[in-house]
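Note that the first sequence covers residues 1066 to 1366 in our numbering.
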Amino acid sequence: MASISGIYSRCMPELPEVETIVRDLNKVVLGRKIEDVWCDWRKSIKRPSGFSVFSRAVEGKQIERVWRRAKNIIFELSGGKILLIHQKMTGHLLYGAWSMKHKAWMPKEKGPLEEPANRFIHLIFWLDNGKQLALSDLRKFAKVELWDKKEFLSSTEFKSWGPEPLEKSFTFEKFKKILPARGKIKQILMNPQIIAGIGNIYADEILWEAKVHPLCLVNQFSGYQLKRIYLSIKKVLTKAIKLGGTSISDFRKLSGEKGLFGETRKAYRREKEKCHRCKSVIKRIKIGGRGTCFCPVCQRI
DNA sequence: CGGGGCTCCTGTGCGC
DNA sequence: TGCGCACAGGAGCCCC
């Protein structure tokens, strides 16, 4: 439960982290009714426009189901509604009861709650068991959307997402089929319209596992090399979920203001460290504006 | 159609 | 010791 209990946070949620959060949410919020909503950064709520419309539509609804698609957390609410939350870079869903008393704006009737609070919380759902579900988001990139379920399932947004790499239907044949004619492999792995759920961290991990250089062009791979990439996708993501995402982006206690950014950066600071396979020094380059770490010796192909 | 660049944000870390 | 600026980054969007 640590992944969503109030005082814990994780960095850069990708498929394994979101999957872990969704599994934990399923243990605590199913059947809970949303009694109240509060938000102090209304830009996060992309849909519908207008916070009062959003809050009126959400309040009184029961959480019937929680699932994941790509890096999105999907809450199915009573009345055929879908509440979608994408945590983007620094968003964390928190579950618990904690004090917001340092925030002067917090209505008194909502308290009293327990410490610790988190000054990056910008959205709170009060549940009918006295707990809160909150979205903490330092960089304010996270997005929240409310849909009618039917509309959501037939939307271009929903249909644009690439296949789920851990589903059984994601076979090697399917992988080969969805690959574009050209492009750098790192950017392809990170493109949510091609494959769902892989971000910067796991793209680097997968390519290291596959011993593939991130700048390789997709049309230059042999079948054997493609197979290695495919198997590495399954292996790395499966292992990460098994470890609750902790193997790469680890849990860290969130104690007030310090530590959050350091935690975020830690996963991206593998350069200058030794490669676990060949002891060479890990190199860092930029691909498509994204920091990329790889071993220049054993990731050759 | 594809690829590159911009945008949103703010804590951090550097240069001077 | 302090000030200011560049930087990171998911994914949608725009433009050529």
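Here a beta-carbon is modelled for each residue, glycine too, at the ideal position from N, C-alpha and C.
Check: Every unbroken alpha helix (DSSP H) inside the region 1210-1267 [4 residues or more]; Outcome: 1214-1218, 1221-1225, 1237-1243 and 1250-1254
Check: Runs of alpha helix (DSSP H) wholly within the region 1109-1146 (minimum 4 residues, chain order); Outcome: 1116-1123
Check: Per-residue DSSP class, three states only, for residue 1084; Outcome: helix
Check: Option nearest residue 1127 by Cα separation, candidates 1110, 1295, 1145 and 1112; Outcome: 1145
Check: Euclidean distance between Cα positions of residue 1340 and residue 1260; Outcome: 27 angstroms
Check: Neighbourhood of residue 1096 by C-beta, 8 angstroms cutoff - its chain only, sequence neighbours within 5 removed; Outcome: 1127, 1128 and 1129
Check: Cα-Cα separation, residue 1238 to residue 1244; Outcome: 10 angstroms
Check: Sheet register partners of residue 1199 (DSSP bridge); Outcome: 1159 and 1189
Check: Cα-Cα separation, residue 1348 to residue 1287; Outcome: 25 angstroms
Check: Residues near residue 1034 in its chain [Cβ-Cβ closer than 7 angstroms; skip 5 each side]; Outcome: Nothing about residue 1034 can be reported from this structure: the residues present for the chain run from 1066 to 1366 only.
Check: Residue 1089 - DSSP class collapsed to helix/strand/coil; Outcome: helix
Check: Collapsed DSSP secondary structure at residue 1347 in the structure displayed; Outcome: coil
Check: DSSP beta-bridge partners of residue 1337; Outcome: DSSP, once it has assigned bridges, lists no residue as partnering residue 1337.
Check: Cβ-Cβ separation, residue 1264 to residue 1230 (assumed contact under 8 angstroms), whole Å; Outcome: That pair is no contact at about 12 angstroms.
Check: Residue 1355, enclosing beta strand (DSSP E) - first and last residue; Outcome: 1355-1359
Check: Reduced DSSP secondary structure (H/G/I, E/B, other) of residue 1308; Outcome: coil
Check: Helix, strand or coil at residue 1274 according to DSSP, with G and I counted as helix; Outcome: helix
Check: Terminal residues of the beta strand (DSSP E) in which residue 1099 lies; Outcome: 1099-1104
Check: Reduced DSSP secondary structure (H/G/I, E/B, other) of residue 1208; Outcome: strand
Check: Backbone secondary structure at residue 1452 - three-state DSSP; Outcome: Here the chain has residues from 1066 to 1366 only, and residue 1452 is not among them.
Check: Supposed close pair residue 1257, residue 1226 - CB separation, criterion 8 angstroms; Outcome: 6 angstroms
Check: Cross-strand partners of residue 1298 (DSSP beta bridge); Outcome: For residue 1298, which the question treats as bridged, DSSP gives no partner whatsoever.
Check: Residues near residue 1205 by beta carbon distance below 6 angstroms, same chain, minus five either side; Outcome: 1106
Check: Cβ pair residue 1081, residue 1275 closer than 7 angstroms; Outcome: no
Check: Under 7 angstroms between C-beta atoms of residue 1131 and residue 1090; Outcome: yes
Check: Residue 1322 burial status per 10 Å Cβ neighbour count (16 or more: buried); Outcome: Note that residue 1322 scores 27 on pLDDT, short of 50, meaning its location in the model is unreliable; the coordinates nonetheless yield the value given after this. So residue 1322 ends up on the exposed side.
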